[in-house]
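Peer 1: To start, I am sharing the structure in question, which I have written as structure tokens.
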Amino acid sequence: MVFTSHIFVFYFLPAVLLVYYALPYRWRNLFLTFASYFFYGWWKPWFVTLMMTSTVVDYVSVRVMSADGATPRRRKLALIASMVTNLGLLGVFKYAMFAQENINWLIQVFGGEGFRMLQITLPIGISFYTFQTMSYTIDVYRGTARPVKRFADFACFVALFPQLIAGPIVRYNTVAVQLYERNHTMQRFASGVSIFIIGFAKKILLANPVGNIADAAFGAESPTALVAWVGVAAYAFQIYFDFSGYSDMAVGLGRMFGFEFIKNFNDPYHADSITDFWRRWHISLSTFLRDYLYIPLGGNRLGLRRTYINLSVVMLLGGFWHGAHWQFIVWGAFHGLMMGMERMLGKTTFYGAMPHPIRVGLTFVLILISWVPFRADNLSIAVNYLGAMFGLSTPSAAAPLLGGEVLSIDSLVMMAICGMIVAFRTQAWEFVQNITWSKVGLALSLFVLAIAAMFAQAFNPFLYFQF
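Residue numbers 7 to 473, in my numbering, belong to the letters of the sequence shown in order.
This is the structure in structure tokens:
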């Protein structure tokens, strides 16, 4: 089930809200858990068993490490059991295929005969809820959070459907209190509805149309340089409005049920460096990697050389988290390299002395280049596409036809609208801070328009479902 479907908008969400507010407060978490399991199992019911396994293991691990008289060794063993289980599930279901493909390739390189690979289905959202449930055991182990009182409350935290599939990654210590005490006010509910509508409109009215432009450009055998640049810019808009749209909807849904999730995007294309970009893009992931990986590795406390190594490791793993393919590793390595260079050069360079708008523009170009391997189906396609962007390949005979599609008036108008929205730094959070009747009218108009467009479009899942 996806947020941008008539089943969710007209049936699931109204029914869940109606029952939720009709129930006594003490039963609401349990009901949300069952509703979330139903939501998650809509695609494949057996996916629920993986999430339940992770939930039970982490709950038991914390009970063991927080029991009276638990020794440091026992606490550490409980933490290891949690980490091994969660990372093991993630490794099998997300990375086993990648390992098999590369082992097969090595065998064939040395003249052997490859083996038949075991096909494994990737459960939707496993990367997100795995990180969330691990945050519970880590936070309790560190002493920054207290164990849950009831299993139902922890199961609700892990399975909470608003952000279950594609984030933001919600850490336990940020919502621990909210599991027991939540404010349900008309103002919060209204702001939640408004944020949900804005995210809904981002996905339907912006991300999907520019996604068609990006698909056409990246699907071409050899586009012209202009088409290639327009195509990757279209993908930059698509992934931003798609992912930030989902995050907005998640935050909005959370507020409808009394939860407050973190802001996951903050004008990322206004960043004036790659380091600044990662302070603004997928904030829940970047802060998770910082607090649970970068700082434990030593952060920037062990000298410059170790700092560069830590940055590289974190960004490589961040890229690999997005997908079990070499192009994601290259994407992570590129960002790690850029962040290392920025730290090494500092702010006294020629680049640092440039006017802020120029730095923003140059950073956006670097981001566009990095999106190519992220979007391409494999590294070979990524290399060819980058060659087309810089005029290093000969356009195919079909290039004029492709140009007519990508550079059509409709496409360019859509790109201009996306560009203006990004340029004017329009964000849902600021929009809903003060709800007025004019804003209500605008939100309802957007919702009606987006609903009409939803029925006219083909099924188009969120991009981060695959991660």
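Each residue gets a CB set at the ideal place from its N, CA and C atoms; glycine is no exception.
Note that the structure is predicted; figures quoted are calculated from it, not measured.
With distances taken between CB atoms, is the gap from L23 to F167 smaller than 9 angstroms?
Peer 2: In this structure, F167 does not lie closer than 9 angstroms to L23 by Cβ.
Peer 1: CA-CA distance, N390 and G397?
Peer 2: Those two C-alpha atoms are separated by around 10 angstroms.
Peer 1: How about Y147 and R81: do their beta carbons lie closer than 9 angstroms?
Peer 2: Yes, these two residues count as a Cβ contact at 9 angstroms.
Peer 1: Among the residues of its own chain, which have a CB less than 8 angstroms from the CB of Y314, if the five just before and after it don't count?
Peer 2: Closer than 8 angstroms at Cβ, skipping near neighbours: G346, R349 and M350.
Peer 1: Can you tell me where the alpha helix (DSSP H) with D273 in it begins and where it stops?
Peer 2: Here D273 belongs to no alpha helix (DSSP H), and DSSP marks it neither H nor E.
Peer 1: Using a Cβ-Cβ cutoff of less than 8 angstroms, which residues in the same chain neighbour V54 once the five nearest sequence positions on both sides are dropped?
Peer 2: Answer for V54: Y43, Y46 and G47, listed in chain order.
Peer 1: Kindly indicate the opening and closing residues of the alpha helix (DSSP H) around N218.
Peer 2: Here the alpha helix (DSSP H) through N218 covers N214 to F224.
Peer 1: Where does the unbroken alpha helix (DSSP H) through A102 begin, and where does it stop?
Peer 2: Looking at the DSSP string, the run of the alpha helix (DSSP H) that includes A102 is A102 to V115.
Peer 1: In its own chain, which residues sit with a C-beta less than 7 angstroms from the C-beta of I144, not counting the 5 before and 5 after it?
Peer 2: Within the same chain, I144 has close Cβ partners Y298.
Peer 1: For V98, which of T139, E119 and L56 has the nearest alpha-carbon?
Peer 2: Nearest of T139, E119 and L56 to V98, Cα basis: L56.
Peer 1: On the three-state DSSP scale, how would you describe S228?
Peer 2: Coil at S228, not helix or strand.
Peer 1: Helix or strand or just coil, what does DSSP make of F4?
Peer 2: Only positions 7 to 473 of the chain appear in this structure, which leaves residue 4 out of reach.
Peer 1: V474 to F9, Cα distance in whole Å?
Peer 2: With the chain covering only 7 through 473, there is no way to say anything about residue 474.
Peer 1: Output needed for F243: all residues of its chain with C-beta closer than 6 angstroms, excluding positions within five of it in sequence on either side, in chain order.
Peer 2: If we look at F243 and ignore the five residues flanking it on each side, its Cβ neighbours are V216 and C424.
Peer 1: For the alpha helix (DSSP H) that D64 lies in, which residues bound it at each end?
Peer 2: Looking at the DSSP string, the run of the alpha helix (DSSP H) that includes D64 is F53 to M71.
Peer 1: Specify the secondary structure class of I245 as computed by DSSP and reduced to three states.
Peer 2: Note: I245 maps to helix in three-state DSSP.
Peer 1: From what residue to what residue does the alpha helix (DSSP H) around W287 run?
Peer 2: Unbroken run through W287: none, as it is neither H nor E.
Peer 1: Report buried or exposed for F116, applying the criterion of at least 16 other Cβ atoms within 10 angstroms of its Cβ.
Peer 2: By the neighbour-count rule (16 or more Cβ atoms within 10 Å), F116 is not buried but exposed.
Peer 1: Closest by CA to N270, which one among F247, H362, S279 and M262?
Peer 2: With distances taken between Cα atoms, N270 lies closest to F247.
Peer 1: Which word fits Y470, buried or exposed, when buried means at least 16 other C-beta atoms lie within 10 angstroms of its C-beta?
Peer 2: Y470 comes out buried.
Peer 1: Below 6 angstroms CB to CB, which residues in the same chain sit around N306 once its five sequence neighbours on both sides are set aside?
Peer 2: So the qualifying residues of the chain are T313.
Peer 1: Starting from the C-beta of A165, find all residues in its chain whose C-beta is less than 7 angstroms away, skip the five residues before and the five after it, and write them out in chain order.
Peer 2: Excluding sequence neighbours, A165 sits near T39, S42, Y43, Y46 and M57.
Peer 1: Whose C-beta lies closer than 7 angstroms to the C-beta of A382 among residues of the same chain, with five residues either side of it excluded?
Peer 2: Closer than 7 angstroms at the Cβ level, and outside the excluded window around A382, lie F224, Q333, A388 and Y391.
Peer 1: Pick out whichever of T230, I364, Y300 and A21 has its Cα sitting closest to the Cα of V319.
Peer 2: Considering only alpha carbons, the answer is Y300.
Peer 1: With a Cβ-Cβ cutoff of 9 angstroms, do W337 and F380 count as a contact?
Peer 2: Against a cut-off of 9 angstroms, the Cβ pair of F380 and W337 comes out as a contact.
Peer 1: Determine whether the beta carbon atoms of Y135 and L170 lie at a separation below 9 angstroms.
Peer 2: Yes, these two residues count as a Cβ contact at 9 angstroms.
Peer 1: Please name the residue in Y26, R69, I175 and L95 whose C-alpha comes closest to that of F267.
Peer 2: When only C-alpha atoms are compared, the closest one is I175.
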